[in-house]
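Student: The structure is given below, and queries will be raised subsequently.
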Amino acid sequence: MDSVLFPKGVKRCSLPMFLLGLIPVVLVLLWGVYAMLLCWIKGLNQTNMNDSYGFALWIWADLAVIAIGGGAFFSGLLKYVFGKDELKNIINYAVLIGFICYSSALLILAIDVGQPLRSWFIFWHANVHSMLTEVAFCLSCYFAVLTIEYIPLILENRKLNEIPFIHNMSHNMHGAMAVFAATGAFLSCFHQGSLGGVPGVLYGRPYAYREAILVWPWTFFLYTWSAAACGPCFTILVTKMTEVITRKKLVKDKVIHLLAEISGWMILTYIIAKIIDTIYWAQVTAPLMGFHWTEFFDSARSSLTYHGQWILYLEIIGCGIIPALILITKKGRQNTGALWFAVAMATLGVCINRWTMVMQPMAMPVMTFDSWNLYLPSWQEWATTILPVAYGIILIAISYRYLPIFPQESELNPSD
Amino acid sequence: MKEGHHHRKEKKFGMVIDLDKCTGCGACMVACMAENNVPFKQNETDKLDSITWMRVYKFDNGKKFPDTEVCFLPRPCMHCEGQSGHSGHSPCVSVCPATATDYDTDSGIVSQIYTRCFGCRYCMAACPYHARHFNWWDPVWPEGMEKALSPNVSPRMRGVVEKCSFCFHRYQLAMDEIYAKGHRDFDEKVPEYQTACTQACPTDAIVFGDLNNPNHEVNQIVKPDHNHRLTGKSGNPKVFRLLERLETNPKVYYLSSREWVRRAGDNYQGEETPENYKVKEVHH
Amino acid sequence: MFWFSFEWIWDMGHMVFMGGLWYALGIIGLGMTYVIIKTILDTFYPDFFEPGPDDHH
């Protein structure tokens, strides 16, 4: 029915089948939209946040999606600036995933602030000393860049591309793409970093605080590095998942392995830096503030709460060292199961890192007569956090169906 | 964080709270809520989302009866000067993305501009004292009670952060009176500016005034030690500040003759004592 | 964001920070303006530029 819109030389399921498959996702999306409207209309009392957890699930989700969306800027950097031309076969998908992640982050932020209609104050009355201002500026600019990177893909739709103006527009946008991608990589480095600066500068919160180089705390560099390291893993993970769902090979192994190897080395170097940072924090920073590092974790409670020490070991060993070792070895990369495991764990690792940097500083009592609190998100918070996932699946499904996302698809699936 | 126009002498309003005198009666909390139109919930059992500009904490020495001793600690906003002294690098002011909270170099008061705050709550994340509160609900007063609201303080809307202002409207009223009487600044001839909690305290546990004024009682109790590595450190061995080691540099001081109370003001490891501990490097 | 906002100060922080923002916005804005103008010329005035080998693909 809609086959004239499909990319050349590929096969897609029938339209009714496609729409039927989307129904459950749309239902989840509507659930999320309902929760979002509740938050906007009734206010943030719909959440379980409180004055001890002013930053909670949403801010974590924001930081996490931006980190895992880092695949877009890092593969863009590798392709356009470092000339890794091979990556052109996965860059479209990395851009799409990045676009979804960043638009989701902006949406969650719009729900998270108490007065969304005043959000423009962050630009108008900008406090240039605030890391959040830096985040807002770079985030919006980079989202503009991602949109510019995604538009040519839409314009390349078979039918749309028959229109001369659109054809020329797409061609010219591709021509200028290196400039946009380089600007995007610069912006992205900064906002990934400034997101790290958000907790790092909180000198009243000993868990989060880190010493600084010029105006940037260590977390600034760690966040940029971890996003560049783990973002591509998420790109690989989603690509692999798409291959399973579509039952097709979409990207050649050579491309995946190249990205996985670079990612592996990035994770390894990152995790070494993270270990050094953790040791310095535990041995130097914390004692000067009057704390023993074990006080940063809730040991009185059941160690299974998310404030226990286990989360630190899981992040560094399980989701750092192990995936790095798998991805840097040829055998590891080439073993499908190991590759799946490594990219999933690396993605989880960066999410755990953002989780601990958001939740732990809030939870940890700083005053001696204060106590640990445990926060569990309300259904409205869960629904609005899952909302971007549903939105992402829908956008991926539509883009995959109608746009030439995977340049190697027809070559890899000649029977289509 | 613009520098003020210094046609007046710079002041640093601060407080000393005598914890040996505080009985924990809560009069300061009530006075604060009434004075500043602080909204409340119908059900106040969950204190984690209650708005308490002034909150009285209770803690003890951890010993069993009959050696148990209790301390009540009133906690307003600390009006932190921040790491680099009187320049306004307070934990919250430095992070607010929309300049909705500011450090007034004329008075040392950390302000909150409700109509500019867009509710990101980054300042709350920055404050280790839980002195900042978010308006999770629309402010609603029982019928008729809105007539008793103070006309000098604007009520806050849902979705913004609020906190103790050291009754800034009283400072403005005092300044108005000073100007009306033809003076340019506070001196002995004009009425002094006091916060509501200070006046409400039945045991006179709170002393409020200009820390820069050597003739003021607050300065005489605190005895600022200008040679100490930590800005604003008190020269009085019985005076301490909350979490001094973090170098938030608060302008609210506490006084106690009990060693365990002073020790509860900060975190110490092993052999460390309030008199003997290392501090981190200050980045000016 | 603008020099006419009352909280604007001509200090290093504002110049570097806002300079960075306007620089990025400038590249994005100018880049897109170039793309749009070139597309209009390519489409409606095909002879405006010398026809080259890779003008169309």
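Residue numbers (my numbering), protein chains in the order written: chain Z, 1 to 416; chain P, 417 to 700; chain L, 701 to 757.
Using N, Cα and C, we set each Cβ at its ideal position, and we do this for glycine too.
This one's a predicted model, so the numbers in the text were calculated from it and none came from an experiment.
Quick one: what does DSSP say residue 700 of chain P is sitting in, helix, strand or coil?
Tutor: Here the model assigns residue 700 of chain P a pLDDT of 41, short of 50, so the residue's position is not dependable, and the following value carries that caveat. Residue 700 of chain P: coil per DSSP, three-state reduction.
Student: Taking Cβ to Cβ, would you say residue 672 of chain P is nearer than 7 Å to residue 436 of chain P?
Tutor: Yes, the Cβ-Cβ distance between residue 672 of chain P and residue 436 of chain P is below 7 Å.
Student: Would you say residue 141 of chain Z faces chain L, with C-beta separation under 7 Å as the test?
Tutor: So yes, residue 141 of chain Z belongs to the interface.
Student: Within the continuous alpha helix (DSSP H) that includes residue 88 of chain Z, where are the two ends?
Tutor: Run containing residue 88 of chain Z: 88 to 112, per the alpha helix (DSSP H) assignment.
Student: When the distance is taken between beta carbons, is residue 425 of chain P closer than 7 Å to residue 627 of chain P?
Tutor: For residue 627 of chain P and residue 425 of chain P, no; Cβs fall outside 7 Å.
Student: Between Z/385, Z/246, Z/122, which has its C-alpha nearest residue 59 of chain Z's C-alpha?
Tutor: With distances taken between Cα atoms, residue 59 of chain Z lies closest to Z/385.
Student: Determine the direct distance from the alpha carbon of residue 380 of chain Z to that of residue 422 of chain P, and round the result to whole angstroms.
Tutor: Note that residue 422 of chain P scores 47 on pLDDT, short of 50, meaning its location in the model is unreliable and no value can be drawn from it.
Student: For residue 370 of chain Z versus residue 549 of chain P, is the C-beta spacing smaller than 7 Å?
Tutor: Contact flag unset, no.
Student: For the segment 349 to 364 of chain Z, enumerate the residues whose C-beta is nearer than 8 Å to any C-beta of chain P, in chain order.
Tutor: Within the segment 349 to 364 of chain Z, the qualifying residues are 361, 362.
Student: If you draw a straight line from the alpha carbon of residue 449 of chain P to that of residue 68 of chain Z, how long is it in whole angstroms?
Tutor: Roughly 45 Å separates the two Cα atoms.
Student: If you draw a straight line from the alpha carbon of residue 56 of chain Z to that of residue 202 of chain Z, how long is it in whole angstroms?
Tutor: Those two C-alpha atoms are separated by around 16 Å.
Student: Considering only their Cβ atoms, is the gap separating residue 324 of chain Z from residue 256 of chain Z smaller than 7 Å?
Tutor: No; because the gap between Cβ atoms is not below 7 Å, this pair is not in contact.
Student: Determine the direct distance from the alpha carbon of residue 351 of chain Z to that of residue 400 of chain Z, and round the result to whole angstroms.
Tutor: Rounded to the nearest angstrom, the two C-alpha atoms are 26 Å apart.
Student: So, using beta-carbon positions, are residue 45 of chain Z and residue 377 of chain Z closer together than 7 Å?
Tutor: Result no, Cβ atoms of residue 45 of chain Z and residue 377 of chain Z do not sit closer than 7 Å.
Student: Is it the case that the segment 116 to 127 of chain Z contacts the segment 518 to 534 of chain P, given that we only count it when at least three CB pairs across the two stretches are under 8 Å?
Tutor: Verdict: yes, contact present.
Student: Relative to the alpha-carbon of residue 216 of chain Z, which residue among Z/81, Z/131, Z/306 has its alpha-carbon at the smallest distance?
Tutor: Residue Z/131 is the option with its Cα nearest to residue 216 of chain Z.
Student: Report the option in P/630, P/584, P/512, P/486 whose CA atom is closest to the CA atom of residue 675 of chain P.
Tutor: If we check each option's Cα against that of residue 675 of chain P, P/486 comes out closest.
Student: Mind checking residue 390 of chain Z: buried by the 16 CB within 10 Å criterion, or exposed?
Tutor: Burial call: buried.
Student: Beta-carbon of residue 7 of chain Z versus every beta-carbon of chain L: anything under 7 Å?
Tutor: Judged by the 7 Å Cβ criterion, residue 7 of chain Z is not in contact with chain L.
Student: Taking Cβ-Cβ distances shorter than 7 Å, what residues in chain Z pair up with residue 717 of chain L?
Tutor: Per Cβ cutoff of 7 Å: 128.
Student: If we define contact as Cβ-Cβ less than 7 Å, is residue 730 of chain L a contact residue for chain Z?
Tutor: Not closer than 7 Å to any Cβ of chain Z, the Cβ of residue 730 of chain L fails to qualify, so no.
Student: Can you name the start and end residues of the alpha helix (DSSP H) that residue 289 of chain Z belongs to?
Tutor: No alpha helix (DSSP H) holds residue 289 of chain Z; DSSP gives it neither H nor E.
Student: At what residues does the beta strand (DSSP E) containing residue 389 of chain P begin and finish?
Tutor: Outside the shown range of chain P (417 to 700) lies residue 389 of chain P, about which nothing can therefore be said.
Student: Looking at C-alpha atoms only, which residue of Z/42, Z/290, Z/259, Z/360 is the closest neighbour of residue 683 of chain P?
Tutor: Ranking the options by Cα distance to residue 683 of chain P, first place goes to Z/290.
Student: Closer than 7 Å, CB to CB, is residue 650 of chain P near chain Z or not?
Tutor: Answer no: the Cβ-Cβ gap between residue 650 of chain P and chain Z never drops below 7 Å.
Student: Going by DSSP in three states, residue 212 of chain Z sits in which element: helix, strand or coil?
Tutor: Strand at residue 212 of chain Z.
Student: Only counting the same chain, and skipping five residues up and downstream in sequence, which positions put a Cβ closer than 8 Å to that of residue 407 of chain Z?
Tutor: The answer, listed in chain order, is 88, 89, 92.
Student: Does DSSP put residue 410 of chain Z in a helix, a strand or coil?
Tutor: Helix.
Student: Threshold first: 4 residues or longer. Then list the alpha helix (DSSP H) segments lying entirely within the segment 570 to 628 of chain P, N to C.
Tutor: 584 to 596, 612 to 616, all fully within the segment 570 to 628 of chain P.
Student: Check whether chain P comes within 7 Å of residue 51 of chain Z, counting only Cβ atoms and requiring the distance to be less than that.
Tutor: Yes, contact with chain P.
Student: Taking the continuous beta strand (DSSP E) assigned at residue 13 of chain Z, which residues delimit it?
Tutor: From DSSP, residue 13 of chain Z is part of no beta strand (DSSP E); its letter is neither H nor E.
Student: Look at the alpha carbon of residue 74 of chain Z and the alpha carbon of residue 164 of chain Z, and state the distance between them as a whole number of angstroms.
Tutor: Whole-angstrom Cα-Cα distance: 32 Å.
Student: May I ask which residues mark the beginning and end of the alpha helix (DSSP H) holding residue 350 of chain Z?
Tutor: It spans 336 to 363 - the alpha helix (DSSP H) in which residue 350 of chain Z sits, taken as one unbroken run.
Student: Buried or exposed: which applies to residue 623 of chain P, given that a residue is buried once 16 or more other Cβ atoms fall within 10 Å of its Cβ?
Tutor: Buried is the call here.
Student: For residue 518 of chain P, which beta-bridge partners are listed by DSSP?
Tutor: Answer is P/527.
Student: So what does DSSP say about residue 161 of chain Z, is it helix, strand or coil?
Tutor: It is helical.
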